[in-house]
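What follows is a short report on a single structure.
There are 2 protein chains.
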Amino acid sequence: MKPYVIGVDLGGTNTVFGIVDSAGNIIEEGSIKTGSFNTATEFVAAGLDCIHHIVKKVGGIEQIQGMGIGAPNANYYTGTIEFAPNIAWAHDGVVQLAGMFAGELGIPVRMTNDANAAAMGEKLYGIAKGMKNFIMITLGTGLGAGIIINGKLVYGHDGFAGELGHVNMDRSENARPCGCGRKGCLETYCSATGVARTAREFLQKTNRPSILRQKPLDEIESLDVFLAAQKGDEIAKEVFQFTGTMLGWACADFTAFSSPEAFIFFGGLCKSGDLIMKPIEETYNRVVMPLFRNKAKFLISGLMNKNAAVLGASALGWE
Amino acid sequence: MKPYVIGVDLGGTNTVFGIVDSAGNIIEEGSIKTGSFNTATEFVAAGLDCIHHIVKKVGGIEQIQGMGIGAPNANYYTGTIEFAPNIAWAHDGVVQLAGMFAGELGIPVRMTNDANAAAMGEKLYGIAKGMKNFIMITLGTGLGAGIIINGKLVYGHDGFAGELGHVNMDRSENARPCGCGRKGCLETYCSATGVARTAREFLQKTNRPSILRQKPLDEIESLDVFLAAQKGDEIAKEVFQFTGTMLGWACADFTAFSSPEAFIFFGGLCKSGDLIMKPIEETYNRVVMPLFRNKAKFLISGLMNKNAAVLGASALGWE
Numbered sequence: 001m002k003p004y005v006i007g008v009d010l011g012g013t014n015t016v017f018g019i020v021d022s023a024g025n026i027i028e029e030g031s032i033k034t035g036s037f038n039t040a041t042e043f044v045a046a047g048l049d050c051i052h053h054i055v056k057k058v059g060g061i062e063q064i065q066g067m068g069i070g071a072p073n074a075n076y077y078t079g080t081i082e083f084a085p086n087i088a089w090a091h092d093g094v095v096q097l098a099g100m101f102a103g104e105l106g107i108p109v110r111m112t113n114d115a116n117a118a119a120m121g122e123k124l125y126g127i128a129k130g131m132k133n134f135i136m137i138t139l140g141t142g143l144g145a146g147i148i149i150n151g152k153l154v155y156g157h158d159g160f161a162g163e164l165g166h167v168n169m170d171r172s173e174n175a176r177p178c179g180c181g182r183k184g185c186l187e188t189y190c191s192a193t194g195v196a197r198t199a200r201e202f203l204q205k206t207n208r209p210s211i212l213r214q215k216p217l218d219e220i221e222s223l224d225v226f227l228a229a230q231k232g233d234e235i236a237k238e239v240f241q242f243t244g245t246m247l248g249w250a251c252a253d254f255t256a257f258s259s260p261e262a263f264i265f266f267g268g269l270c271k272s273g274d275l276i277m278k279p280i281e282e283t284y285n286r287v288v289m290p291l292f293r294n295k296a297k298f299l300i301s302g303l304m305n306k307n308a309a310v311l312g313a314s315a316l317g318w319e
Numbered sequence: 320m321k322p323y324v325i326g327v328d329l330g331g332t333n334t335v336f337g338i339v340d341s342a343g344n345i346i347e348e349g350s351i352k353t354g355s356f357n358t359a360t361e362f363v364a365a366g367l368d369c370i371h372h373i374v375k376k377v378g379g380i381e382q383i384q385g386m387g388i389g390a391p392n393a394n395y396y397t398g399t400i401e402f403a404p405n406i407a408w409a410h411d412g413v414v415q416l417a418g419m420f421a422g423e424l425g426i427p428v429r430m431t432n433d434a435n436a437a438a439m440g441e442k443l444y445g446i447a448k449g450m451k452n453f454i455m456i457t458l459g460t461g462l463g464a465g466i467i468i469n470g471k472l473v474y475g476h477d478g479f480a481g482e483l484g485h486v487n488m489d490r491s492e493n494a495r496p497c498g499c500g501r502k503g504c505l506e507t508y509c510s511a512t513g514v515a516r517t518a519r520e521f522l523q524k525t526n527r528p529s530i531l532r533q534k535p536l537d538e539i540e541s542l543d544v545f546l547a548a549q550k551g552d553e554i555a556k557e558v559f560q561f562t563g564t565m566l567g568w569a570c571a572d573f574t575a576f577s578s579p580e581a582f583i584f585f586g587g588l589c590k591s592g593d594l595i596m597k598p599i600e601e602t603y604n605r606v607v608m609p610l611f612r613n614k615a616k617f618l619i620s621g622l623m624n625k626n627a628a629v630l631g632a633s634a635l636g637w638e
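Residue numbers (this note's numbering), protein chains in the order written: chain L, 1 to 319; chain G, 320 to 638.
Here's what the structure looks like:
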């Protein structure tokens, strides 16, 4: 085994490249602007420049075991990014990104979606060390998930398993519309966007006073709701209660499926701590099938303050 | 490898023992009445008599590789039956059944629940040969499931994964009560019992004519609904439409989790064929995340007319 891997966090704005050792330390780091390229070829060329620059510092490509990329709409089986709405050079087609990098670097390159990468990072370097069955839930703009069963990521038949943000929570006509084109998806309620949306709904439904009314309704963000709840604002607290309760119901269904040892939460919304975690766990243990009650752990990621996305992606470099 | 395994289908009424060869043929068979024993020890003693009798016919225990038992409330990890409501000698405790048989027979004995056994049988001898990711759904009195991911059964952290009959389909107060002590579980709608319940509800809601009205309301069974639907009875057809639609929604959520190659249905309700399969598949492809549309297959078990429970359990004997 060579001493390092490269982890790549490919986001809509920035792409961060990191050289990671086997203990999970990021030794070197560099980045480029994802959005400043028109074609995948240009993006890869700039990426290679950045990689060569940091690889030189650790003794050259001979020191690198492999590379892992975490990216939206990435398919592990094919190494492709497919129709990624927020990436100009990948939004209307299929880009063979892993193959393009592997061909130039001469090392194995694997790719998976960002939530799967986070789950792998948690398993290797975080709070899930030693766990064989857990579900990672990332609460960001949307809700992503990485599912580990029998010690392995679940990719499913087509490489796209783990879309837990898109299980249905409301089959009624007035369910919330989702970016995926349907209605009532979990992530329309349980995500940063969902929290802001719930706050706006709650504020419109009543005339009760709230700190949140200091801002125009359509400018309220999840951070505002968190800050208001911290100050004891009733409506803001109810928003977190609603969000956590919905997640508790969803986790109860996920347990019926794979009965994990733990649910591990990651992302901005987790910074609200007990405000969201308590209603998740309380609801879960109230509504889950009695057989499963009080078994699963509800944890916050151990990598929240590290560059978890790079670490997670780098985990694929060891495969 | 020895030439045979023993498969055991332990049901509430009968326990069937079969000697199975590597091609999935049941060579010898015997059975005892599960319910005629007061203790697990008595049950095991009678079971051993039956096993010895059929094993003798194939050349003795030296010809047997192992034994697999499919049983309600069985835990694969511990080889125990735990609090099985319909088995007198196992309803109020934990019975180390696999260990008791293994100790006496001197061969490895593994145990899993009946739906998991059916999934294993389907994978080895049925329509799922060669599939690495599929979900088996058994539609009997309740709804059971066996989930295969990366070629292996999903047992979860505690051995009880795959309780898909108990995902929630209705969080409202007037959701149907379930035998598990909660409300709104999938199996309260999608099972033989669920179909009969839906029929009674539909008949009570209107005065529309129906063949089903020839029977007292509380005596209607799923078979009556099937026969009525076959004769073109509108209400009976609507019952199947309702049941299949609910299952289609549920399968869409299961796909968000593990994106299987196929859903395979087993059990009495499947004999209604298109009446139930059509609304499942139509609903699924209408409501599933667009990414997954028209990918999964919807199949009826290839073992419906064989002794699938014995075959499925026997699959564990090869492990």
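Even glycine gets a Cβ: it sits at the ideal position worked out from N, Cα and C.
Please read all numbers here as calculations on a predicted model, not as lab measurements.
Annotation: Cβ neighbours of S577 of chain G in chain L (cutoff 7 Å, chain order): V154, G156, A161. Secondary structure of Y474 of chain G (DSSP, three-state): coil.
Between the alpha carbons of N493 of chain G and R501 of chain G lies a distance of about 12 Å.
Taking a beta-carbon distance threshold of 8 Å, I147 of chain L counts as an interface residue toward chain G. Contact note: H410 of chain G does not reach chain L at a C-beta cutoff of 7 Å; the least C-beta distance is about 15 Å. K56 of chain L and I599 of chain G have their alpha carbons spaced roughly 57 Å apart.
Spanning the alpha carbons of V5 of chain L and E62 of chain L requires a straight line of approximately 11 Å. Within 10 angstroms of the beta-carbon of Y77 of chain L lie fewer than 16 other beta-carbons, which makes it exposed.
Within chain L, the C-beta atoms nearer than 9 Å to that of E580 of chain G come from G156, H157, D158, in chain order. In the structure shown, the three-state DSSP call for D233 of chain L is coil. Using a Cβ-Cβ cut-off of 8 Å, P177 of chain L does not count as an interface residue toward chain G, since no Cβ of chain G sits closer than that to its own.
Two segments are said to touch when three or more pairs of C-beta atoms, one from each, lie closer than 8 Å; by this definition the stretch 331-346 of chain G does not touch the stretch 17-32 of chain L.
Within chain G, no C-beta atom comes less than 9 Å from the C-beta of G140 of chain L; the nearest is roughly 17 Å away. Taking a Cβ-Cβ threshold of 9 Å, none of the residues of chain L is close to P404 of chain G; the smallest such distance is about 12 Å. A straight line joining the alpha-carbon of F559 of chain G with that of I595 of chain G spans about 6 Å. Membership of S314 of chain L in any beta strand (DSSP E) is not indicated; the residue belongs instead to the alpha helix (DSSP H) covering 308-315.
Judged by beta-carbon spacing, R495 of chain G lies within the 8 Å limit of T507 of chain G, meaning their Cβ atoms are closer than that value. Taking A98 of chain L as the centre and dropping the five residues before and after it, the same chain places the C-beta of I69, G79, V109, R110, M111 closer than 7 Å to its C-beta, in chain order.
In the same chain as A409 of chain G, and ignoring 5 residues on each side of it, the C-beta atoms closer than 7 Å to its own belong to A359, I400, A403, in chain order.
Of all residues in the stretch 286-310 of chain L, those with a C-beta nearer than 9 Å to a C-beta of chain G are V287, V288, M289, P290, L291, F292, K295, A296, reading in chain order. From the beta-carbon of N133 of chain L, the residues of chain G found nearer than 7 Å are G475, H476.
Cβ contact annotation for C570 of chain G (same chain, cutoff 6 Å, sequence separation greater than five): F582, Y603, in chain order. Using a CB distance cut-off of 8 Å, D433 of chain G does not count as an interface residue toward chain L. Residue contact with chain G for G273 of chain L: absent (no Cβ-Cβ distance below 8 Å to any residue of chain G).
Around the C-beta of V607 of chain G, 16 or more other C-beta atoms lie within 10 Å, and the residue is accordingly described as buried. Boundaries of the beta strand (DSSP E) around E28 of chain L: 26-33.
Note that the stretch 466-475 of chain G does not touch the stretch 231-248 of chain L; fewer than 3 beta-carbon pairs, one per stretch, sit closer than 8 Å. Contact between L212 of chain L and I235 of chain L is confirmed by a C-beta separation of about 6 Å, below the 8 Å threshold. If the five residues before and after V339 of chain G are omitted, its C-beta is found closer than 6 Å to the C-beta atoms of V324, G326, I345, S633, all from its own chain and listed in chain order.
Taken in chain order, the whole alpha helix (DSSP H) runs of length 4 or more contained in the stretch 377-446 of chain G are 416-424, 433-444. When 9 Å is used as the limit between beta carbons, C509 of chain G is near no residue of chain L, the shortest such separation being about 14 Å. Classified as exposed, V413 of chain G has fewer than 16 neighbouring CB atoms from the shown chains inside 10 Å of its CB.
For G179 of chain L and A192 of chain L, the gap between their C-alpha atoms comes out near 14 Å.
Under the 8 Å criterion on CB atoms, W249 of chain L is classed as interfacial with respect to chain G. Counting the other Cβ atoms within 10 Å of the Cβ of D411 of chain G gives fewer than 16, which makes it exposed. Per the C-alpha coordinates, the member of G:L542, G:K534, G:V473, G:G586 positioned closest to T255 of chain L is G:V473.
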